[in-house]
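Residue numbers (the numbering used here): 3 to 289. We put the CB at the ideal spot given by N, CA and C, even for glycine. Quantities reported herein were computed from a predicted structural model and do not represent experimental measurements. Okay, structure first, notes after.
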């Protein structure tokens, strides 16, 4: 378990230094036991649970998709972890996972399983603070422009209601991948205007290509900053998550300056899976 990650019941407290040369504590390589445990976590979580009375989306039907450009609040799903690893209840129950704000930049529905996978880029009150990607962000209106570049002008949401918080920034290349386990729907949602979503996606694609080229060029000789960047970019594997569409009422007060903490929380879940790999084998055999 990374020494950089400290757990204090009943809250999950993560202290992370994102300035070099301290590397970010993230397990980049998924071991066979880790992967098996993650597969178990996904297998037993079941189809998407909706917060409305009908509760479950049957397998083989298409869940209501969360569209790209939608802002959401999300958190690691404690329920999914407990269902997959009930013997870890003493470790999991005392902890509270932060609720973060992010922008859905990718959405894919797996109809056969009745689940939805999201790519989400973090929203924060601060710039990333990691070398090479510190400028990989755009302001969200109401906010001042961070640059004279037209493509970096503040992003605007649809409708007459502005984004609920002033001077926030949308990170473009750093984020996470989620499997939606439970979705709390709302008629009050915030979505980017279509033209601004396109502008963001273009900037995101350009900056992503730039940083990937740099990471490929340094190869095995990665420095601490490169390791941080690689750890904090959208991973290949998704984390089971609870999602809220009403972002005004559900975000954690301290999430704005701690967007990086979701990666550390995900890392803690992976460590939990490794610790309970024997149980993972038993659950797989039972399914």
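Are the CB atoms of residue j and residue i within a distance shorter than 9 Å?
{"i": "residue 102", "j": "residue 173", "result": "no"}
{"i": "residue 132", "j": "residue 234", "result": "yes"}
{"i": "residue 134", "j": "residue 251", "result": "no"}
{"i": "residue 275", "j": "residue 87", "result": "yes"}
{"i": "residue 83", "j": "residue 242", "result": "yes"}
{"i": "residue 199", "j": "residue 104", "result": "no"}
{"i": "residue 248", "j": "residue 75", "result": "yes"}
{"i": "residue 178", "j": "residue 264", "result": "yes"}
{"i": "residue 128", "j": "residue 273", "result": "no"}
{"i": "residue 115", "j": "residue 109", "result": "no"}
{"i": "residue 113", "j": "residue 180", "result": "no"}
{"i": "residue 217", "j": "residue 140", "result": "no"}
{"i": "residue 192", "j": "residue 73", "result": "yes"}
{"i": "residue 156", "j": "residue 145", "result": "yes"}
{"i": "residue 81", "j": "residue 183", "result": "yes"}
{"i": "residue 120", "j": "residue 257", "result": "no"}
Just to confirm the assignment, what range does the alpha helix (DSSP H) spanning residue i have?
{"i": "residue 264", "result": "263-277"}
{"i": "residue 249", "result": "249-252"}
Report back the beta-carbon spacing between residue i and residue j to the nearest angstrom; my notes put them in contact at under 8 Å.
{"i": "residue 194", "j": "residue 159", "result": "6 Å"}
{"i": "residue 175", "j": "residue 138", "result": "5 Å"}
{"i": "residue 278", "j": "residue 92", "result": "Going by Cβ atoms, the distance from residue 278 to residue 92 rounds to 12 Å, so no, they are not a contact pair."}
What does DSSP give as the partner residue(s) for residue i in the beta ladder?
{"i": "residue 84", "result": "Beta-bridge pairing links residue 84 to no other residue."}
{"i": "residue 217", "result": "Answer is none; residue 217 lacks a bridge partner."}
{"i": "residue 97", "result": "Answer by DSSP bridge pairing: none, since residue 97 is not bridged."}
{"i": "residue 159", "result": "194"}
{"i": "residue 164", "result": "Per DSSP, none; premise fails for residue 164."}
Can you tell me where the beta strand (DSSP E) with residue i in it begins and where it stops?
{"i": "residue 172", "result": "170-186"}
{"i": "residue 118", "result": "117-126"}
{"i": "residue 77", "result": "73-78"}
{"i": "residue 106", "result": "102-112"}
{"i": "residue 243", "result": "241-246"}
{"i": "residue 142", "result": "139-142"}
>> Measuring CB atoms only, is the region 210-220 touching the region 153-168, in the sense that at least three cross pairs come out at less than 8 Å?
In response: No: the two stretches stay apart, fewer than three of their Cβ pairs being nearer than 8 Å.
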